[in-house]
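A.B. asks: What follows is a single structure, and I will ask about it in a moment.
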Amino acid sequence: MTKNSSHASRIGQKSAKWIYGLTMFFLVLSGFGQMPLYKRYYIADIPGLKWVSDFYITHYLHYLAAIVFLGFISYKITDYLLAFRKTHLITLSGYIRGVWITGIVFSGACLVINNFTGKWFSDSFIIFLDLAHTGFVMLLFITAVYCKISKKKWIMARVG
Amino acid sequence: MSKGLSRRSFLRGSMAAGAAIAASTIPGVVSARDDSTQLATLLDISKCIGCEACVEACEEVNGHKYPNPQKPFPKMFPPRVPVADWTDKKDVTDRLTPYNWLYIQRAIVDVNGEETEINIPRRCMHCVNPPCVKLCPFGSAQQQDNGLSRIDPDICMGGAKCKLVCPWKIPERQTGVGMYLDVLPSLAGNGAFYKCDRCYERVAQGELPACIEVCPEDVQTIGPRDEILKEAHTLAKEMNGYIYGKEENGGTNTFYVSPVPFDKLNASVDIGPGMPHLKPVKDTMADANNIAAAMVIAPLAGVAAAAGKFYKLTRTEDVSKGGTQNDKK
Ligand code: SF4
Ligand code: SF4
Ligand code: SF4
Numbered sequence: 063m064t065k066n067s068s069h070a071s072r073i074g075q076k077s078a079k080w081i082y083g084l085t086m087f088f089l090v091l092s093g094f095g096q097m098p099l100y101k102r103y104y105i106a107d108i109p110g111l112k113w114v115s116d117f118y119i120t121h122y123l124h125y126l127a128a129i130v131f132l133g134f135i136s137y138k139i140t141d142y143l144l145a146f147r148k149t150h151l152i153t154l155s156g157y158i159r160g161v162w163i164t165g166i167v168f169s170g171a172c173l174v175i176n177n178f179t180g181k182w183f184s185d186s187f188i189i190f191l192d193l194a195h196t197g198f199v200m201l202l203f204i205t206a207v208y209c210k211i212s213k214k215k216w217i218m219a220r221v222g
Numbered sequence: 002m003s004k005g006l007s008r009r010s011f012l013r014g015s016m017a018a019g020a021a022i023a024a025s026t027i028p029g030v031v032s033a034r035d036d037s038t039q040l041a042t043l044l045d046i047s048k049c050i051g052c053e054a055c056v057e058a059c060e061e062v063n064g065h066k067y068p069n070p071q072k073p074f075p076k077m078f079p080p081r082v083p084v085a086d087w088t089d090k091k092d093v094t095d096r097l098t099p100y101n102w103l104y105i106q107r108a109i110v111d112v113n114g115e116e117t118e119i120n121i122p123r124r125c126m127h128c129v130n131p132p133c134v135k136l137c138p139f140g141s142a143q144q145q146d147n148g149l150s151r152i153d154p155d156i157c158m159g160g161a162k163c164k165l166v167c168p169w170k171i172p173e174r175q176t177g178v179g180m181y182l183d184v185l186p187s188l189a190g191n192g193a194f195y196k197c198d199r200c201y202e203r204v205a206q207g208e209l210p211a212c213i214e215v216c217p218e219d220v221q222t223i224g225p226r227d228e229i230l231k232e233a234h235t236l237a238k239e240m241n242g243y244i245y246g247k248e249e250n251g252g253t254n255t256f257y258v259s260p261v262p263f264d265k266l267n268a269s270v271d272i273g274p275g276m277p278h279l280k281p282v283k284d285t286m287a288d289a290n291n292i293a294a295a296m297v298i299a300p301l302a303g304v305a306a307a308a309g310k311f312y313k314l315t316r317t318e319d320v321s322k323g324g325t326q327n328d329k330k
């Protein structure tokens, strides 16, 4: 790798971290905004944050953040497969986080479909989707905190 | 069951259905093709005399589903969380409440130079794509294949999202009932929400909703949405009138037909809590649904960007190694 390309890759990694962090922040903010909590717990009273209690705004924002998130994870997966697969392994914590993200994406996609006109799923499956979507987010959150504290990476260099 | 509420069936066999369709000018007689046929109601409000027989019938038939709260209510945190208690006001019929799912809204308007009272039975519109159902975070509000939407009070947390996203603010809360009592009664939730469920049990048995059945003026007609919409257009043409509910919120399963424009009615009726407006309503679910397609495009863009980066990187490395022989094009 040339000096220039390694510099570019460092910038790439840094911006990827920022994109991931910001997208996650807005996904969680708008996601929890789907539950009627922000008004009750004064969050919407903070100057400039009144909009967080508008369900249509947070719903739209959740979609926007989900679009960026889907683009981002597809980029990262393809990047791994093309550029890092030969030299790096996915760690156990990477796989675990991957499973939770797959759950979030799958349940989220079903809920997006459900929001189109029509009766797409049974009532009990919709309840399951609502619970699963939040449940996977909580699991990802717990795993992410654990990984942050114990400095677990998504991938590691192959040995030998 | 009241005298007016017979067990007249409206879901007939195929032959009888044909006859019923043919006789669809007889108001109140309808046909339904099967359980998954989207049913709509037509309200000819020029006929409504405001007698409130429908309001009484609604209570008679649906009273067993009204809330039965436990008292005292659990103390809620923070203290500003509003208690909604209708138990001492069960008799209120001039607005929507958890104990009154239908009321008669009155307008005084000019019809052909004459001051006329127009009575408008108001209840849930049963939107075609109901935000109260689709955006409920717990799946407590549900839509049936036949187009009616209802809130299951046993699994409703009472957070009011259904009401806040409803363009007409139809659902009404009663504190002290519902699932929140078993979860975190002080910290989350606040009762359950109630609204017209279009008499779903009666409809499932092939009976008419009580308010339709009992009306002495045959104000309402129920049937397959496409047929009822056609009827609404014919009626509007006949009376040189107007339709409300066809376009509102992307389309509803309730069509009001009036000889007076709805903006005039809206200007005359009382509007406020439990008293819905008659304004035009944009499709509330459309904004987000319109960008949903980008969720399919985004992953493709992500793959293309990563592939592009990889291609560029390998090329740069080839060049830096002097390996340009493969890059003739
Ligand atoms: S029963 Fe019929 S006429 Fe009487 S208020 Fe209801 S819709 Fe109007
Ligand atoms: S009118 Fe309101 S409560 Fe009724 S289906 Fe539409 S959004 Fe839901
Ligand atoms: S359809 Fe049934 S629940 Fe709805 S207003 Fe009429 S009587 Fe009441």
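Quick mapping for you: the protein sequence lines, in order, are chains P and R.
Every position in the first sequence, counted from 1, becomes a number in our numbering once 62 is added.
Every position in the second sequence, counted from 1, becomes a number in our numbering once 1 is added.
Glycine residues also receive a C-beta, built at the ideal position from the N, C-alpha and C atoms.
None of the values given here were measured: they were computed from a predicted structure.
#1: Residues of chain P with a CB under 9 Å from the CB of phenylalanine 311 of chain R: which are they?
#2: Kindly indicate which residue of P/Cys172, P/Met200 and P/Leu201 has the alpha-carbon position closest to the one of glycine 189 of chain P.
#3: State the DSSP-derived secondary structure class of glutamate 57 of chain R, mapped to helix, strand or coil.
#4: Determine, using beta carbons only, whether isoleucine 292 of chain R comes closer than 7 Å to chain P.
#5: Taking 7 Å as the CB-CB cut-off, is arginine 34 of chain R touching chain P?
#6: Whose Cβ in chain P lies nearer than 7 Å to the Cβ of glutamine 175 of chain R?
#7: Could you please give the first and the last residue of the uninterrupted beta strand (DSSP E) stretch that includes threonine 285 of chain R?
#8: Taking Cβ to Cβ, would you say asparagine 269 of chain R is nearer than 7 Å to valine 110 of chain R?
#9: Buried or exposed: which applies to tyrosine 137 of chain P, given that a residue is buried once 16 or more other Cβ atoms fall within 10 Å of its Cβ?
#10: Please list, in chain order, the residues of the segment 157-169 of chain P that have any C-beta partner in chain R closer than 9 Å.
#11: Excluding sequence positions up to five away, which residues of its chain have a Cβ less than 7 Å from the Cβ of glycine 165 of chain P?
#12: Please determine whether the Cβ atom of valine 204 of chain R lies at a distance below 6 Å from any heavy atom of ligand 1.
#13: Assuming serine 92 of chain P and alanine 127 of chain P form a contact by the criterion Cβ under 8 Å, report the distance between their Cβ atoms to the nearest whole angstrom.
#14: Taking 7 Å as the CB-CB limit, is glutamate 53 of chain R close to chain P?
#15: Tell me the rounded alpha-carbon separation between isoleucine 292 of chain R and valine 282 of chain R.
#16: Are the C-beta of phenylalanine 74 of chain R and some C-beta of chain P separated by less than 7 Å?
#17: Given a cut-off of 7 Å, decide if asparagine 191 of chain R and valine 82 of chain R are closer than it, judged by their beta-carbon atoms.
#18: Using a Cβ cut-off of 7 Å, pull out every chain R residue sitting near phenylalanine 178 of chain P, in sequence order please.
#19: Cα separation between histidine 65 of chain R and cysteine 59 of chain R?
#20: How far does the alpha helix (DSSP H) with tyrosine 257 of chain R in it reach, from first residue to last?
#21: Rank R/Cys128, R/Glu232 and R/Val166 by C-alpha distance to the C-alpha of aspartate 198 of chain R and give the top, closest one.
#22: With a threshold of 6 Å (Cβ to nearest heavy atom), would alanine 54 of chain R be considered close to ligand 1?
#23: Kindly indicate which residue of P/Asp192, P/Lys213, P/Thr179 and P/Tyr208 has the alpha-carbon position closest to the one of alanine 289 of chain R.
#24: Mind checking whether the beta-carbon of isoleucine 105 of chain R lies closer than 6 Å to any heavy atom of ligand 1?
#25: Below 8 Å CB to CB, which residues in the same chain sit around tyrosine 142 of chain P once its five sequence neighbours on both sides are set aside?
#26: I want to know whether the segment 47-55 of chain R touches the segment 146-157 of chain R - three or more CB-CB distances under 8 Å.
#27: Going by C-alpha to C-alpha distance, which of R/Met180, R/Lys162 and R/Ile105 sits closest to cysteine 133 of chain R?
#28: Is the separation between the beta-carbon of threonine 94 of chain R and that of threonine 255 of chain R shorter than 7 Å?
#29: Closest by CA to lysine 231 of chain R, which one among R/Tyr257, R/Gln206 and R/Leu209?
#30: For methionine 126 of chain R, does the count of other Cβ atoms within 10 angstroms reach 16, so buried, or fall short, so exposed?
#31: Beta carbons nearer than 7 Å to chain P: which residues of the segment 128-143 of chain R have them?
#32: Measure the CB-CB distance between isoleucine 129 of chain P and alanine 299 of chain R and report whether it falls below 7 Å.
#33: Confirm the yes/no value for this check: CB of glycine 51 of chain R, any heavy atom of ligand 1, distance under 6 Å.
#34: If you measure from each residue's Cβ to the nearest non-hydrogen atom of ligand 4, which ones come out under 6 Å, in chain order?
#35: Check whether the Cβ atoms of cysteine 55 of chain R and cysteine 200 of chain R sit closer than 7 Å, and answer yes or no.
C.D. replies: Put simply:
#1: Thr140, Asp141, Leu144 and Ala145
#2: Note that residue 189 of chain P is isoleucine in the sequence shown here, rather than glycine. In this structure, P/Cys172 is the residue among P/Cys172, P/Met200 and P/Leu201 with its C-alpha nearest to the C-alpha of isoleucine 189 of chain P.
#3: Glutamate 57 of chain R sits in a helix when the DSSP states are folded into three classes.
#4: yes
#5: Because arginine 34 of chain R sits at a pLDDT of 48, beneath the cut-off of 50, its placement in the model cannot be relied upon, and the following sentence gives the value as read from the coordinates. Not one chain P Cβ lies under 7 Å of arginine 34 of chain R.
#6: Within chain P, no C-beta atom comes less than 7 Å from the C-beta of glutamine 175 of chain R; the nearest is roughly 16 Å away.
#7: Unbroken run through threonine 285 of chain R: none, as it is neither H nor E.
#8: Residue 269 of chain R is actually serine in this sequence, not asparagine. Closer than 7 Å, so yes.
#9: buried
#10: Taking 9 Å as the cut-off between beta carbons, none of the residues of the segment 157-169 of chain P comes near chain R.
#11: Ala194 and Phe198
#12: no
#13: 6 Å
#14: no
#15: 20 Å
#16: no
#17: yes
#18: Contact of phenylalanine 178 of chain P with chain R by beta-carbon distance below 7 Å involves Asn290.
#19: 11 Å
#20: Annotation for tyrosine 257 of chain R: no alpha helix (DSSP H) segment contains it, though the beta strand (DSSP E) segment containing it runs 255-259.
#21: R/Cys128
#22: yes
#23: P/Thr179
#24: yes
#25: His150, Ile152 and Ile217
#26: no
#27: R/Lys162
#28: no
#29: R/Tyr257
#30: buried
#31: Val129, Asn130, Lys135, Leu136, Pro138, Phe139, Gly140 and Gln143
#32: yes
#33: yes
#34: Absence of ligand 4 from the depicted structure is noted, with ligand 1, ligand 2 and ligand 3 being the only ligands included.
#35: Not closer than 7 Å, so no.
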